[in-house]
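*Asks:* Adding 1 to a residue's 1-based position in the sequence shown gives its number in the numbering used here.
Positions of the beta carbon are idealized from the N, C-alpha and C atoms, including for glycine.
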Amino acid sequence: MRPALASRRARRCPADLRLSAAVLAGRATARLVRRLRLGGGTSLPGLVAQRLDAQSARKLAAALPQGVVLATGTNGKTTTTRLLSGIAHQAGWRAVHNRAGANLAGGVLAALVEAGSADGRLSGDLGIFEVDEAAYPHGQDLVQPRVVAFTNLFRDQLDRYGEVDIVRSIWRDAVSRLDPATTLVLNADDPLVASLAQARAAGPVLFYGLDAGEAVATAAPQTSDARRCPLCGDPLQHERVHYGHVGHYRCTSCAFARPAPDVRATALWPRYDGGQVMRLETPAGTADVAVPLPGMYNAYNALAAAAAALALRIGLAEVRAGLAAGAQVFGRGERVAIAGRELLLALIKNPVGCTEVLRTLTQDGGQHVVLVIINDRLADGTDVSWLWDAEFELLAERVTCALVAGTRAEDMAVRLKYAGVPVERIVCEPQLDRALATALGAARPGQCVRVLPTYTALLEFRELLARAGALHHFWED
Numbered sequence: 002m003r004p005a006l007a008s009r010r011a012r013r014c015p016a017d018l019r020l021s022a023a024v025l026a027g028r029a030t031a032r033l034v035r036r037l038r039l040g041g042g043t044s045l046p047g048l049v050a051q052r053l054d055a056q057s058a059r060k061l062a063a064a065l066p067q068g069v070v071l072a073t074g075t076n077g078k079t080t081t082t083r084l085l086s087g088i089a090h091q092a093g094w095r096a097v098h099n100r101a102g103a104n105l106a107g108g109v110l111a112a113l114v115e116a117g118s119a120d121g122r123l124s125g126d127l128g129i130f131e132v133d134e135a136a137y138p139h140g141q142d143l144v145q146p147r148v149v150a151f152t153n154l155f156r157d158q159l160d161r162y163g164e165v166d167i168v169r170s171i172w173r174d175a176v177s178r179l180d181p182a183t184t185l186v187l188n189a190d191d192p193l194v195a196s197l198a199q200a201r202a203a204g205p206v207l208f209y210g211l212d213a214g215e216a217v218a219t220a221a222p223q224t225s226d227a228r229r230c231p232l233c234g235d236p237l238q239h240e241r242v243h244y245g246h247v248g249h250y251r252c253t254s255c256a257f258a259r260p261a262p263d264v265r266a267t268a269l270w271p272r273y274d275g276g277q278v279m280r281l282e283t284p285a286g287t288a289d290v291a292v293p294l295p296g297m298y299n300a301y302n303a304l305a306a307a308a309a310a311l312a313l314r315i316g317l318a319e320v321r322a323g324l325a326a327g328a329q330v331f332g333r334g335e336r337v338a339i340a341g342r343e344l345l346l347a348l349i350k351n352p353v354g355c356t357e358v359l360r361t362l363t364q365d366g367g368q369h370v371v372l373v374i375i376n377d378r379l380a381d382g383t384d385v386s387w388l389w390d391a392e393f394e395l396l397a398e399r400v401t402c403a404l405v406a407g408t409r410a411e412d413m414a415v416r417l418k419y420a421g422v423p424v425e426r427i428v429c430e431p432q433l434d435r436a437l438a439t440a441l442g443a444a445r446p447g448q449c450v451r452v453l454p455t456y457t458a459l460l461e462f463r464e465l466l467a468r469a470g471a472l473h474h475f476w477e478d
């Protein structure tokens, strides 16, 4: 059953001169940044608005009739929120969404400002915001969410976040302060995420998980971020592992174990186009759902989006239609046609996420041209030692040409050598334009080149493609 549609008229905030000034200044900043070609204006407008009215985010978010959903976690935030936005569209709701992935406070407020007007009107029904995992508590305080979805927790940017215990501690403290009316959506298969339910004294919790697909192991790897129980500290025992430490588990000492998922996939089938079909079982019923994205990690992203939508009381029919219509996501399995070839862009930023990308890209057993672009700027993480924990060995017998580029191209070339990629197939070309030309020359007409960039490398590479006319800027998606 479709939810009652929100009023199609823009919602008005109470008259507030300070808020009006903040919105006007923020929107003007966005126009100026784009006109001067300084970027997409996806964060600075929010920072300007916040400087003029420190409560502007809360005021604007309060005017959204369906409330706000926050999604956070190490991997999957952008894809999960994109899928949820598509579901909301099927429900007839207009989403206010930080689509470009600017996931700090400035990015969230910039999206709200973009949908606002000087007279306090807000053009939107539902806020959908991904939030950086370390900045999540601030995001929670900014907008008072109706639903919060946690995807997973892995090591990521050790120079910035530290170990996972630090982030988990931050999350636990924030969850303990959640409004009891807020629904907590948790990945049952990640013990570090599922245990967050214990931090909450009261309020609804919805678990999602995977009861299908091939397990890659029956024990977590030695490098796992969750080898011990997050409650008592004794060893965890895994019955099956889907990736990293995500799977089915129980503590060997206390009662902590994988909770029964409320929303789960009980079967997965590959699709002819590289996507997949999942049998989705929910409190609202069962449906076979097409997801046009490959990989088990994207099955989890789809489950997170479905669970969040059901927490909003969106019907199963709209969930199914929204997931099936899922558009490609900026740098996450994004396909770009150029010079008679196709590029497949897949962001890599930590060991577990990178390994899953490699596993998905090589599962067809074919031979590929691969371009790996590694930068070490602040947004990427200045410590690139994580490259040695990712399973680049999966490429050893799967590449005809392995190009490396970026500020740490030489480090990546060494990693591929020790991963077993034949040295004669490794080409080191730090300059992106030359690396792209070499990759296109190495590929046959119609062949797909796999491009694996870190975050700032992805932005630079997409800018190169935009100048070539192969795609538009990411903030125009």
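(1) Under the assumption that L404 contacts A440 (Cβ atoms under 8 Å), give the Cβ distance between them as a whole number of angstroms.
(2) Report the CB separation of L84 from N302 in whole angstroms; it is logged as a contact under 8 Å.
(3) CA-CA distance, T253 and P231?
(4) So which of E115, K78, D17 and A89 has the shortest CA-CA distance to G41?
(5) Compare the C-beta of A202 against all C-beta atoms of chain B and say whether one is closer than 7 Å.
(6) State the start and end residues of the unbroken alpha helix (DSSP H) segment that holds R378.
(7) Hey, out of E394, R169 and H369, whose CA is closest to G447's CA?
(8) Could you tell me whether the Cβ atoms of T283 and L304 are closer together than 7 Å?
(9) For I167, report the span of its alpha helix (DSSP H) as first-last.
(10) With a floor of 3 residues, list each beta strand (DSSP E) that falls wholly inside the stretch 84–110, ordered by position along the chain.
(11) Let me know the secondary structure DSSP gives L20 once reduced to three states.
(12) Return the Cβ separation of G421 and A397 in integer angstroms, given the expectation that the two are a contact with Cβ distance under 8 Å.
(13) Determine the extent of the beta strand (DSSP E) in which P454 is found, giving its start and end residues.
(14) Would V400 and R426 qualify as a contact pair, given that the criterion is a beta-carbon distance under 7 Å?
(15) Check whether the stretch 206–215 and the stretch 333–351 are in contact - that is, three or more C-beta pairs closer than 8 Å.
(16) What ranges does the beta strand (DSSP E) occupy inside the stretch 341–379, keeping only unbroken runs of at least 3 residues that lie completely in it?
(17) Quick one: Cα of L281 to Cα of V264, how far?
(18) Can you tell me the Cα-Cα spacing of D160 and G93, whole angstroms?
(19) So what does DSSP say about Q199, is it helix, strand or coil?
(20) Give a yes or no on contact between the stretch 62–79 and the stretch 120–136, applying the rule of three or more CB pairs nearer than 8 Å.
(21) To the nearest angstrom, report how far apart L179 and R201 are at their CA atoms.
(22) Whole-angstrom Cβ separation of D157 and V247, contact assumed at under 8 Å?
(23) What is the C-beta distance between E131 and A58, in whole angstroms, given that I count them as a contact (C-beta under 8 Å)?
(24) Pull up the distance between the alpha-carbon of G74 and that of V109, whole angstroms please.
(25) I need the straight-line Cα distance from G128 to L113, nearest angstrom please.
(26) Enumerate, from N- to C-terminal direction, the unbroken beta strand (DSSP E) stretches of 3 or more residues contained entirely within the stretch 248–314.
(27) How far does the alpha helix (DSSP H) with T439 in it extend, from its first residue to its last?
(28) Quick check on Q238: does DSSP put it in helix, strand or coil?
(29) Could you tell me the distance, in whole angstroms, from the CA atom of L472 to the CA atom of G332?
(30) Residues in the same chain with beta-carbon distance under 6 Å from L346, minus the five sequence neighbours each way, listed in chain order, please.
(31) Using the Cβ count rule (16 or more neighbours within 10 Å means buried), how would you classify W270?
(32) Can you name, in chain order, every residue of its own chain whose Cβ lies under 6 Å from the Cβ of V373, other than the five neighbours on each side?
(33) I'd like to check one pair, G276 with V292: are the Cβ atoms closer than 7 Å?
*Replies:* Straight from the coordinates:
(1) The sequence position of residue 404 within the sequence shown is 403, counting from 1. The sequence position of residue 440 within the sequence shown is 439, counting from 1. Going by Cβ atoms, the distance from L404 to A440 rounds to 5 Å, so yes, they are a contact pair.
(2) In the sequence shown, the residue the question calls residue 84 occupies position 83. In the sequence shown, the residue the question calls residue 302 occupies position 301. Going by Cβ atoms, the distance from L84 to N302 rounds to 6 Å, so yes, they are a contact pair.
(3) Position 252 of the sequence shown holds residue 253. Position 230 of the sequence shown holds residue 231. Taking the straight line from one Cα to the other gives about 12 Å.
(4) In the sequence shown, residue 41 corresponds to position 40, counting from 1. Closest option to G41, Cα to Cα, is E115.
(5) Reference to chain B is not applicable here, since this structure consists of a single protein chain.
(6) As a position in the sequence shown, residue 378 is number 377, starting the count at 1. Looking at the DSSP string, R378 is not in any alpha helix (DSSP H), and its letter there is neither H nor E.
(7) By 1-based counting over the sequence shown, the position of residue 447 is 446. Per the Cα distances, H369.
(8) Position 282 of the sequence shown, counted from the start, is the residue given in the question as residue 283. Position 303 of the sequence shown, counted from the start, is the residue given in the question as residue 304. It is not a contact, given that the beta carbons lie outside the stated cut-off.
(9) Your numbering for residue 167 matches position 166 in the sequence shown. Residues V165 to S177.
(10) Listed in chain order, they are 96–98.
(11) Here residue 20 refers to the residue found at position 19 when the sequence shown is read from its first residue. Looking at L20 - three-state DSSP - the assignment turns out to be helix.
(12) Here residue 421 corresponds to residue number 420 of the sequence shown, with the count starting at 1. Here residue 397 corresponds to residue number 396 of the sequence shown, with the count starting at 1. Yes, G421 and A397 are in contact; Cβ-Cβ is about 3 Å, under 8 Å.
(13) Taking the first residue of the sequence shown as 1, we reach residue 454 at position 453. Going by DSSP, P454 is part of the beta strand (DSSP E) stretching over C449 to P454.
(14) Within the sequence shown, numbered from 1, the residue matching residue 400 stands at position 399. Within the sequence shown, numbered from 1, the residue matching residue 426 stands at position 425. The answer is yes: Cβ separation under 7 Å.
(15) No, they do not touch.
(16) Scanning the stretch 341–379 from its first residue to its last, the whole beta strand (DSSP E) runs of 3-plus residues come out as 342–347 and 369–374.
(17) Position 280 of the sequence shown, counted from the first residue, corresponds to residue 281. Position 263 of the sequence shown, counted from the first residue, corresponds to residue 264. Looking at the two C-alpha atoms, the distance is approximately 7 Å.
(18) If you number the sequence shown from 1, residue 160 lands on position 159. If you number the sequence shown from 1, residue 93 lands on position 92. Residue placement at D160 is flagged as unreliable, the pLDDT there being 49, under the threshold of 50; a coordinate-derived value is accordingly withheld.
(19) Along the sequence shown, read from residue 1 onward, the residue named residue 199 stands at position 198. Reduced to three states, the DSSP call for Q199 is helix.
(20) yes
(21) On the sequence shown, residue 179 is found 178 positions in, with the first residue counted as 1. On the sequence shown, residue 201 is found 200 positions in, with the first residue counted as 1. Answer to the nearest angstrom: the Cα atoms are 8 Å apart.
(22) Looking up residue 157 in the sequence shown gives position 156. Looking up residue 247 in the sequence shown gives position 246. In fact, because the Cβ distance is near 15 Å, the residues do not count as touching under 8 Å.
(23) The residue you call residue 131 lines up with position 130 of the sequence shown. The residue you call residue 58 lines up with position 57 of the sequence shown. Not a contact, Cβ separation roughly 15 Å.
(24) For this step, residue 74 is matched to residue 73 along the sequence shown. For this step, residue 109 is matched to residue 108 along the sequence shown. Roughly 16 Å separates the two Cα atoms.
(25) Translated into the one-based positions of the sequence shown, residue 128 becomes position 127. Translated into the one-based positions of the sequence shown, residue 113 becomes position 112. Linking G128 to L113 through their CA atoms gives a straight-line distance of about 8 Å.
(26) 264–271, 277–283 and 286–292
(27) Here the question's residue 439 lines up with position 438 in the sequence shown. L433 to A443 is the span of the alpha helix (DSSP H), which, as asked, contains T439.
(28) In the sequence shown, the residue the question calls residue 238 occupies position 237. Secondary structure at Q238: strand, using DSSP grouped into helix, strand and coil.
(29) Looking up residue 472 in the sequence shown gives position 471. Looking up residue 332 in the sequence shown gives position 331. Straight-line Cα distance between these residues: approximately 12 Å.
(30) Along the sequence shown, one-based indexing puts residue 346 at 345. Correct list, in chain order: G332, E335 and V452.
(31) Here residue 270 refers to the residue found at position 269 of the sequence shown. W270 should be labelled exposed.
(32) As a working note, residue 373 is residue 372 in the sequence shown. Closer than 6 Å at the Cβ level, and outside the excluded window around V373, lie V405, M413 and L453.
(33) The residue given as residue 292 occupies position 291 in the sequence shown. The residue given as residue 276 occupies position 275 in the sequence shown. Yes, the Cβ-Cβ distance between V292 and G276 is below 7 Å.
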